[in-house]
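In UniProt numbering, the protein residues as written are 1 to 251.
Structure first, commentary second.
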């Protein structure tokens, strides 16, 4: 019997490739052996090879390019996907995401009533526990290749004396049009940080072990700076960069 401390096959593959990357056998920017070659070399299935590659991706040593294969990541290489962030208004009055992607909900969005937790209440400048309309779900784009978790929160107090006092407002981005029709001039602020996903988030986003998520919080404000709504986005952070326009301030 093999020693009990023998590494699992996927870890042997990861260690073999990691050593080759570090000693220059596989230079930056060069392709790695294919899944088929590695599977034959180690006598394993291709899913086992992918598990080993996932460790290297999580460590930032490898990038996988769709249709091209696996490559050693250069410290100067760009991610394979750049997504502009922001909201723009079309000539017909619709609000759309700046990335131009057509995001579709995996399930029909349904509004639920939730009470504002402390962190969200602070950003929305409402008392903790205030009721909110909430939408939350998985969204996909480009035929399911891109995935994100997207939640929308609208405090009840924002909707007092409007038609949405007795009916749920639409989720974002349709929410923006609804708020504009109520007479608000909309402005947006985003907060961005990285963190490790919760297990259910990793499963929904199909993340390999060790891959972080980008956690984006967007606050919609009126012309006076009062928060009207809040959104949370969780997107895979392994091979993605976000671009933001910067406004030049002035007197």
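We put the beta carbon where it would ideally sit given N, CA and C, even for glycine.
In DSSP terms, what residue i is bridged to
i: residue 217; result: 191 and 232
i: residue 89; result: 95
i: residue 6; result: According to DSSP, which records beta bridges pairwise, residue 6 is partnered with nothing at all.
i: residue 240; result: 81
i: residue 113; result: 133
i: residue 227; result: 221
i: residue 69; result: 65
Nearest-angstrom beta carbon gap, residue j and residue i [assumed within contact, 8 angstroms]
i: residue 28; j: residue 62; result: Not quite, the Cβ-Cβ distance comes to about 11 angstroms (not below 8 angstroms), so this is no contact.
i: residue 133; j: residue 113; result: 7 angstroms
i: residue 209; j: residue 58; result: 7 angstroms
i: residue 228; j: residue 220; result: 5 angstroms
i: residue 98; j: residue 88; result: 6 angstroms
i: residue 130; j: residue 156; result: 7 angstroms
i: residue 169; j: residue 95; result: That pair is no contact at about 14 angstroms.
Three-way DSSP call (helix, strand, coil) for residue i in this model
i: residue 134; result: strand
i: residue 121; result: helix
i: residue 107; result: coil
i: residue 56; result: helix
i: residue 11; result: helix
i: residue 50; result: helix
i: residue 1; result: Because the pLDDT at residue 1 is just 46, under 50, the model does not fix this residue reliably, and the value given afterwards should be weighed accordingly. Three-state result, residue 1: coil.
(message) With three or more beta-carbon pairs closer than 8 angstroms as the criterion, would you say the segment 32–47 touches the segment 76–87?
(response) no
(request) Run through the segment 17–47 for me and flag every whole alpha helix (DSSP H) of 4 or more residues, listed as ranges in chain order. (result) 35–42
(request) Could you tell me whether the segment 160–169 touches the segment 215–222, using the rule of 3 or more Cβ pairs below 8 angstroms? (result) no
(request) Decide yes or no for the touch test of the segment 185–205 against the segment 230–240: beta carbon pairs closer than 8 angstroms, at least 3 of them. (result) yes
(request) Please list the segments of the alpha helix (DSSP H) lying wholly inside the segment 135–212, counting only runs of 4 or more residues, in order along the chain. (result) 174–181 and 199–205
(request) Specify whether the segment 198–213 and the segment 119–128 touch according to this definition: at least 3 beta carbon pairs, one from each stretch, less than 8 angstroms apart. (result) no
(request) Would you check if there are 3 or more beta carbon pairs closer than 8 angstroms linking the segment 240–247 to the segment 134–144? (result) no
(message) Any contact between the segment 5–12 and the segment 42–54? By contact I mean 3 or more CB pairs, one from each, below 8 angstroms.
(response) yes
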